[in-house]
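Residue numbers (my numbering), protein chains in the order written: chain A, 182 to 489; chain B, 208 to 487. One structure below.
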Amino acid sequence: MGAATRDAFGEAILDVGADERVIVLTGDLRDSTRTEDFAEKHPDRFFDCGIAESNMIGIASGLALSGKVPWACSFSCFVSGRFEQVRLSVAYQEANVRIVGTHVGIGVGEDGYSQMALEDVAALRALPNITIVQPADAAETKAAVGALLEHEGPAFLRLTRQGVEDVTAEDGFEIGRIRQLRDGRDVAILATGATVGEAQKAAGRLAESAIEARVLDVHTLKPLDEEAVLRAAGECAALVTVEDHSVNGGLGSAVAEALATNDGAAPLRIIGMTTFGESGTPGELYEKYGLAAEPLAQSIHQFLQTLD
Amino acid sequence: MAAMGERDDLIQRLTGIARELRIADIEMISEAGSGHPGGTLSAADMIAALFFHRLNLRPEQPDWPERDRFILSKGHCIPIVYAAMAKRGFFDDGMLKTLRKLGSPLQGHPDRNRLPGIEASTGSLGQGLSVAVGMALAGKLDGASWRVFCMLGDGEVQAGQVWEAAMFAPRHGLDNLTAILDHNQVQQTGKVADILDIAPIADKWRAFGWRVVDIDGHDMGQIVDAIDEADGVTGQPAMIVSRTTKGKGVSWMELDPAWHGKAPDAEQTERALSELRGER
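Pasting the structure below:
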């Protein structure tokens, strides 16, 4: 198992911190969001806003409108939960704010549902101009942070608490371009964040049954790389999406919208959360809710059998 | 200290401008057929003093880096600011007639991406002060000489986010920030004191670490002095509690919640304008 993407973020923000425009904000979570090292190195550009995330989002907006590049960091449910502030003070202003949400999905584990963002992508994806990036692993996180430093406009970066499989290389990352990790024509598995590693392993299992899966790392959830989705729909027998997020409004919805509005036709299964989360280890929860490689491979296998 | 004659002239000039702004405001809202006259009229005197005595702006270069920043957090009252911006030359007077109409830069609530000179898009109450605090923080980081001004409504300070910002600004010594509370006593559906009382409001801001200047917000001399006093505060942000009357200047609108969010009809507009012009 590789590092958590929040760990990689902590290193990456230190790297881009050489840029004087970079400001880091957090709400009493410098440890959990891995921004302690930045705070130590750049105390003049680090602000702990306390447990007052609405104000943190607004301050980030004011900083951005004054030429800074602020990164507002907290658990994703606490920042995306300040939807009204993100909506008006960030998105509508077209403020150059980076909202960094860590502790996403059931991968949070033992803390249980109240700390698990399962609806954050759905909420923020409705805003017209927010770029949403969810890297698959540490290398991709570093590439994403570098790209977001120079990106124009509001952005949301979604990061894991738990360690994830290392599946990508730091090069080859481009905001808005799906990364293909494995090719196959029997099914395309579109995954994002922690589920990319699970999808890769599931593809290995499926290959043992002579099912060749294409694995697509959808690190940018908005704007979605519709071209790659439509290509997969045309070249593969079926599509499966898998995300540690609600099945309503996240990756699966985005793919379904892309197919429906572009006359793309392919059988589609959307795998993700349909209930609230609960306490347990991340591994146990991924097994129980079908996001781990083994149950994922089984679901895909069964799905493909229904198509025969 | 300016000579007495100069000061009298200033106050007389600003009072006259405030009257002009109120007239333009009522004409504009009447033409639009919707809007929020009560809270624009209460803010008129302070807006006149800010835009024609204090704010260092370049209307021909709205994004001039050295400008002072003004954020109207009570965004529904933006018509009185539009009137001031037009008079200062940000745009042509004729545009005021397009308020709230399709395609107009003069949106019902301020939109910084449609109208150059608007610093922040507001209208979801409770958010503007945080944005102002972020700007003041940026100003401090850059060692800038410009100042940030932010006007809030009294119903607005019922919102918890305002107090989050109120805690943050003194903690970081933001003495380049002047907040103004347009304390006009009435919110959309009744008296602030009845709906969710904010008193003792000056004590609350003091307790949060702000220098409070508590004034009659319709006394132009007190307004000018309060703005000057706030400029001189060091080590902490300043809050001007501007005690005003909602609907000020149109007697039958004053303190009546009915005039929070409705435009006068043609007959009411004439009556309001003649009262504002001093014709009765």
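Cβ coordinates follow ideal geometry from the N, Cα and C atoms, glycine included.
Compute the beta-carbon to beta-carbon distance between residue i and residue j, rounded to the nearest angstrom, for a pair I have assumed lies under 8 Å.
i: B/L303; j: B/A293; result: 6 Å
i: B/V431; j: B/I224; result: At roughly 12 Å, the Cβ-Cβ gap does not stay under 8 Å, so B/V431 and B/I224 are not in contact.
i: A/G461; j: A/G290; result: 7 Å
i: A/A177; j: A/V278; result: Any property of residue 177 of chain A remains undetermined from this structure, which presents chain A solely from 182 to 489.
i: A/A383; j: A/A478; result: 4 Å
i: B/R478; j: B/I230; result: B/R478 to B/I230, Cβ: 13 Å. No contact.
i: A/R342; j: A/R187; result: 6 Å
i: B/M253; j: B/M358; result: 7 Å
i: A/Q381; j: A/V348; result: 5 Å
i: B/G245; j: B/G454; result: 5 Å
i: A/R360; j: A/H332; result: Their Cβ separation, rounded to whole angstroms, is 17 Å, which puts A/R360 and A/H332 out of contact at 8 Å.
Does any CB atom of chain B fall closer than 8 Å to the CB of residue i?
i: A/A233; result: yes
i: A/S242; result: yes
i: A/L305; result: no
i: A/E333; result: no
i: A/Q361; result: no
i: A/Q486; result: no
Tell me the rounded alpha-carbon separation between residue i and residue j.
i: B/D444; j: A/V345; result: For the sequence presented, residue 444 of chain B should be read as Pro rather than Asp. When rounded, the distance between both Cα atoms is 45 Å.
i: A/V368; j: B/P323; result: 51 Å
i: B/H243; j: B/I236; result: 8 Å
i: A/A394; j: A/G191; result: 33 Å
i: A/D196; j: A/F219; result: 9 Å
i: B/N383; j: B/A339; result: 10 Å
i: A/L472; j: A/A233; result: 33 Å
i: B/A255; j: B/S241; result: 23 Å
i: A/A499; j: A/G464; result: Given a span of 182 to 489 for chain A in the structure shown, any question on residue 499 of chain A remains unanswerable.
i: B/L262; j: B/W353; result: 9 Å
i: B/S311; j: B/D232; result: 16 Å
i: A/Q266; j: A/G239; result: 7 Å
i: B/L490; j: B/Q392; result: Here chain B comprises residues numbered 208 to 487, so residue 490 of chain B is not present and cannot be evaluated.
i: A/I481; j: A/G334; result: 37 Å
i: B/S337; j: B/M446; result: 14 Å
i: A/Q486; j: B/S328; result: 53 Å
i: A/L440; j: A/R412; result: 10 Å
i: B/H283; j: B/E363; result: 11 Å
i: A/T207; j: B/M211; result: 51 Å
i: B/G442; j: B/G380; result: 5 Å
i: A/I287; j: B/G360; result: 41 Å
i: B/D463; j: A/S257; result: 43 Å
i: A/A447; j: A/V421; result: 10 Å
i: A/T283; j: A/A409; result: 27 Å
i: B/V457; j: B/L279; result: 22 Å
i: A/V205; j: A/S235; result: 15 Å
i: B/I325; j: B/H316; result: 11 Å
i: A/R386; j: A/A320; result: 24 Å
i: B/R450; j: B/T222; result: 17 Å
i: B/F277; j: B/A251; result: 15 Å
Any beta carbon of chain A sitting closer than 8 Å to that of residue i?
i: B/R319; result: yes
i: B/Q368; result: yes
i: B/A445; result: no
i: B/S337; result: yes
i: B/V340; result: yes
Kindly list, in the order they appear in chain A, the residues whose Cβ is closer than 9 Å to that of residue i.
i: B/L344; result: I204, F228, I240, G243, L244, S247, K249
i: B/G454; result: Result: empty, since nearest Cβ-Cβ is about 27 Å, beyond 9 Å.
So which residues on chain B does residue i lean against when the C-beta distance must stay under 8 Å?
i: A/L269; result: S328, T329, G330, S331, Q334
Against residue i, what residues of chain A qualify as contacts under a CB-to-CB distance less than 8 Å, listed in chain order?
i: B/F375; result: C230, G231, A233, N236, I240
i: B/E267; result: Chain A residues near B/E267: none, gap ~21 Å exceeds 8 Å.
Mind pulling the chain B residues with CB within less than 7 Å of residue i?
i: A/Q274; result: R319, A327, S328
i: A/E265; result: S331
Can you pull the chain A residues whose beta carbon is under 7 Å from the beta carbon of residue i, in chain order?
i: B/E371; result: A233, S235, N236
Within the present structure, is the beta-carbon of residue i separated from the nearest heavy atom of the ligand MN by less than 7 Å?
i: A/S213; result: With respect to small molecules bound, the structure shown includes none, and the ligand MN cannot be examined in it.
With 9 Å as the limit, tell me which residues of the stretch 212–229 of chain A have their beta carbon closer than that to any beta carbon of chain B; keep them in chain order.
For the stretch 212–229 of chain A, the set of residues with a beta-carbon nearer than 9 Å to any beta-carbon of chain B comprises D225, R226, F228, in chain order.
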